[in-house]
Every structure is written in structure tokens, then in C-alpha cells.
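Protein sequence lines, in the order shown, are assigned to chains G and R.
Following the working numbering, the numbering of the first sequence begins with 3 at its first residue and continues without gaps.
Following the working numbering, the numbering of the second sequence begins with 23 at its first residue and continues without gaps.
Even for Gly, the Cβ is constructed at its ideal location relative to N, Cα and C.
Each remark here refers to the structure printed beneath this line.
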Amino acid sequence: MLTVTALNKTYPNGKRGLIDVGFELQAGTVTAIIGPSGAGKTTLLRSLNRFITPESGTIELDGLELVGATRAALRQARRHIGMIFQDYNLIEPLSALENVLHGTLGDKRLLPGMMGLYTHAEKKRAMALLQEVGLAESATQPAKSLSGGQKQRVGIARALMQSPQVILCDEPIASLDPQSTATIMTLLAKLAKQKQLTIIINLHQVDLAREYADHIIGINAGRCVFDDATAALDDAALARIYAQEEAMVNG
Amino acid sequence: MAELTRYFSHQRRVRLLVFGTLLALLLLAQVALQLNVIEAATGVFAGWGWLVANFAPIASAFPALGEISWQLAATVLIAIAATMVAAGVALLLALAGARTTSHWPLAQALIRPFASIMRNIPFVAWALVLLFSFKQTPFTGFLALLLMSVGYLTRAFMETLDEVGHGVIEALEATGAGYWAIICQGVLPAAAAPLVSWLLYMIENNIRDATLVGMLTGTGVGFLFDLYFKSFRYPAAGLVVCAIILVTIAIELSATKLRQVLNA
């Protein structure tokens, strides 16, 4: 279970990124974060593994608190939080298999980590994960030769390699075509149930959130204005989440 | 309408000004150097004729071939050695200085200007300064090339690391990986092709420069050319030039091939 309370973030330029954001997410669910551009979706998601450090509030994952964690404790915590990115962030010249194995680097000591020494068991598991995301036959191909959808599946396998409790997805389908989008979203939803993961996805498209998410968090101007099951997302709630944008369009 | 006319007449004035300035500079140069462009042009042809007649590596020059090959090999090896050592130093400096890979603001602030200074001092100046301390030895040439290359490669490597760095580092930081694991397993593999490309470029350049440095430091194939030239053994000197051209082209071609393989 992931518990977030009273998260606040102000950027050096004075812009309020997050204002008193709090919620609780269960294992085995997909949560979509939606809201207008610049509302704080990315700030929120990146706070959850402390790529961005909030000034106050708490993020608790299985009894471990992240906001006040030391560097070592944070590294320890990040091992259990996978992340996938809009631009996949793979090491392009390396093979899909090597990219997946990078998911183990958090557990390695200095020298094995530097030299990329992986155990036989790790290699077998990486292969099995590639099989699971449907890329077994591309395992030895360099990442740069794969399509966007395939790259994102390698990214998911790399995250799974960490045996995570949480996977953060930062606009994972923003660079993909509709078919790859469906593949990736279906895969994420399936993995959440199968492996009892807490999956959190930043999305621009409300219809995708409705289709694939169990739970929705709506952010507007840094505040959490909706935090409920997907079924509860009605027109009034949407109007609240996208309030400012409509005001701007209507002049 | 009036604005459009004004805009185009302004453009025309700017172009006329640039062209006029260039023409004036050329005329000034002619007067200052008492140089006549037409005479110079015909002179070039006469010069080439003299060059071909005297420097053609005729049969009498070929006994020198053994000596030339040996010195040429030595020069090439010095250039390669200087570049490789420089690359090692430059990579560490670049890691400490690049925005994406550096954890040390002080190093970031110092390394960039340091590299610029090193790069902008020409290797000939380095060689002249170093001659005082290290005399006319191959080591002086090695050091001169090394110092310039460190500056050049540090700048180039820093830019390469900054280009590939951010997403790669973020992806591996998210797994909880440590700094050196991120560098060795993420950043360096991602940057390998451009890094090697810079290295090859530097080797090519240094081989050319090494022959020049040799003239100053009295070593290698540059010195041999100087020696032949001053002792009026023009065909042998011509043979040195031909050998240098051949080796440079060969290195250039193999570097291009290597780049193609790496980028495939």
C-alpha cells in the first residue's frame, strides 16, 4: 500500500507545484493521474520516487518513508519502485536483454554493478520477463532497432526485473500509435492484477483513464480535486478537474 | 508598401556594405604586401612546376625509404599514444565536468574553462614552451599533443555526455543503481559510438600535427623532412611528403570504415 499525505512542492521560481496532496493506493490496482497541462501531474508522479523532493508531507511505502529518507535509504526504496518513461529511456545500443538486466543494478555492489556481472538466475529471469511482454525473439536485438511499442515493453520488463511493489508510468503512451497504446495499457492493467502491483499512470486522455484505470486522481493547479473509483468520475468531476482550461478556452 | 520597399533597400545596403568591405580588405592586402593577384596566380603554376621537377621522388630517393618508414611509424605511434592517454584523462574530466554526470558544482565550474584554455593554445605553442623543459626529445612532442588533445577531447566528451545523459541516468537512478553502475552500464554504452568517433578524429588530427611538431622537436618524420630539405635532398624530402599523404589517407579511410561499423 502506498500512502501519501499533505505533499507540498514549491519551485524556486515561486510556482506552486503541489498543494496538500494526499491519497492512498491499494496493491493490485491501476491509478490514473489526470488533469490539465501544467497542473502538477508530472510533479506528483516524480515526487513518488523522489526525482523531485517535496518540501513537506509524507510518502509511505510498506512502512518506509521517502520524503525524509537519506540517500542510502532512498536508493533502497527505489529498488521497489519501477518507472517507465514517455521516451522509454533505454540504453539504445544495448540489447533488449541487457536493458532488462539493468533492473537488477540497484541490488548490486560497486564492482559487479560497474562491470555488469549478472548471475545465471538473473539472466533466466530477464529472459522470462521478455517472454511475458511478448519480446522473447527480440532479446538479443539492440534496443534502437525496436519499434516504439516494443521499446516500451522492454521498459516495462526492466521495471518488472526490480520485483517492484509500485510502477510509476510517466506519460507511457504519449509517443505511441493507438494500437501500441492499447497493447501497453492492457499489459499494465494485467500486470497490476497478476502481480499485485500498485501502478500509477500519468495520462492526458480521459477516455484511456476510464477504460483502463480502477482509480482516478484528478489534479488541478497543484491540488488534488478528485480521488475516487473510476466509476465515480462524472461530468461534474471532470468539470472540476479541467476547470481552468475551459475558462481559458471560453475566454 | 513603403515598409516593404524600405525593408528591401535596407537588405541591399547591408549586402553592398559587406561586399564592399571585403573588396577593400583585399585591395589593402595587395598594397600592404605588394602582392599582385594576377602575378600570384601565374606564379602558383610556375611554383608547381618547380616542385614537380625537384621534389619528384625519383629512384635516387628510394634508399631513404627504410629510414622514412621507420620514422613515420614512430610519429604515428606517438600520435596514437598521446591521443589514447589524453582520452583517458579527458573522459574522467568530462564525467566530473558535464552537467548530467557531475555531482560536483565546483568541478563543473572549473573544468569547462580549463578545457577551453588547453584547447585554444595551439600545439605549436605547447611544443615551444615544452622544448625548454624537455629538450628535443620525442617526449616533448608527445606531451604537446597530449595537452592540446586533453583540452579538445574534454570539451567534446562533455558535450556528448550531456547529449545522451539525462534520460539514461534517470532510468537507471529509478532502479536504485549507484553512480558508477549508472556511468559504466548506462552512460558509457549509450555514448560509446560518438565518443569513439571523437577519438578517431583526434587520432587523425594528431597524426597530421605530429609531423609538424616533429620539425620543432627534432624527432620523427617531420625532422627527417627538415633534414632532407635543408641538405638539398629534395627527392627524398618529396618521398617523405608522399609517405605522409599516403598514411594520412589510409588512416582516414580506416577511421571512416570503423565509424560505419560502430554506427551500424
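Contact list for residue i against chain G, beta-carbon separation under 9 Å
i: A258/R; result: Ordered by position in chain G, no residue passes the 9 Å Cβ test against A258/R, which lies about 47 Å from the chain.
Between the CA atoms of residue j and residue i - distance to the nearest angstrom
i: G173/R; j: Y256/R; result: 37 Å
i: A214/R; j: P174/G; result: 27 Å
i: A184/G; j: A191/G; result: 11 Å
i: A62/R; j: G208/R; result: 57 Å
i: G220/G; j: Y244/G; result: 9 Å
i: V168/G; j: L189/G; result: 15 Å
i: G70/G; j: P135/R; result: 37 Å
i: L162/G; j: E195/R; result: 15 Å
i: Q152/G; j: G118/G; result: 23 Å
i: I80/R; j: I271/R; result: 22 Å
i: H125/R; j: T55/G; result: 17 Å
Backbone secondary structure at residue i - three-state DSSP
i: G71/R; result: helix
i: M307/R; result: Residue 307/R lies beyond the range of chain R shown here (23 to 286); nothing can be said about it.
i: R225/G; result: strand
i: S39/G; result: coil
i: A89/R; result: A quick correction: the sequence has Glu, not Ala, at residue 89/R. Looking at E89/R - three-state DSSP - the assignment turns out to be helix.
i: I175/G; result: coil
i: E26/G; result: strand
i: E139/G; result: helix
i: R141/R; result: helix
i: R18/G; result: strand
i: E94/G; result: coil
i: G119/R; result: helix
i: G253/G; result: Its pLDDT being 42, under 50, G253/G is placed unreliably by the model, and the measurement read from it follows with that caveat. Note: G253/G maps to coil in three-state DSSP.
Nearest to residue i (by Cα), restricted to the options the options
i: A138/G; options: H104/G, F228/G, V227/G and E100/G; result: E100/G
i: E213/G; options: V102/G, Y120/G and I186/G; result: I186/G
i: P166/G; options: G115/G, V69/G and M85/G; result: M85/G
i: I8/R; options: G187/R, F164/R and Y250/R; result: No answer is possible for residue 8/R: it lies beyond the span of chain R, which begins at 23 and ends at 286.
i: L117/R; options: L153/R, L284/R and W202/R; result: W202/R
i: W220/R; options: S82/R, M106/R and L45/R; result: M106/R
i: I21/G; options: L9/G, A141/G, Y13/G and L189/G; result: L9/G
i: I203/G; options: K11/G, Q28/G, T33/G and Y13/G; result: T33/G
i: K146/G; options: E57/G, H82/G and D89/G; result: D89/G
i: Q164/G; options: H122/G, L107/G, I35/G and Q198/G; result: L107/G
i: G236/R; options: F161/R, M170/R, I205/R and R281/R; result: F161/R
i: P216/R; options: A112/R, L183/R and L94/R; result: L183/R
i: E192/R; options: T123/R, L152/R, Y250/R and Y223/R; result: T123/R
i: R141/R; options: A120/R, Q158/R, T159/R and A108/R; result: A108/R
Amino acids of chain R, ordered along the chain, whose beta-carbon sits closer than 8 Å to that of residue i
i: E94/G; result: A212
i: N51/G; result: A196
i: R81/G; result: T197 and G198
i: Q78/G; result: G198
Amino acids of chain G, ordered along the chain, whose beta-carbon sits closer than 8 Å to that of residue i
i: V190/R; result: N91 and I93
i: T182/R; result: Near T182/R there are no residues of chain G at all, since even the closest Cβ is about 13 Å away, more than 8 Å.
Proximity test, residue i beta-carbon vs the ligand ADP heavy atom, cut-off 7 Å
i: H82/G; result: The ligand ADP is absent from the structure shown, which contains no ligand whatsoever.
Residue i vs residue j beta-carbon contact at 8 Å
i: A79/G; j: L92/G; result: no
i: T241/R; j: I266/R; result: no
i: N228/R; j: L167/R; result: yes
i: V262/R; j: F247/R; result: yes
i: A178/R; j: E226/R; result: no
i: K125/G; j: L148/G; result: no
Under 7 Å by beta carbon: chain G residues contacting residue i
i: A203/R; result: L107, K110, G115 and M116
Within chain R, partners of residue i - CB distance below 7 Å
i: Q164/G; result: T197
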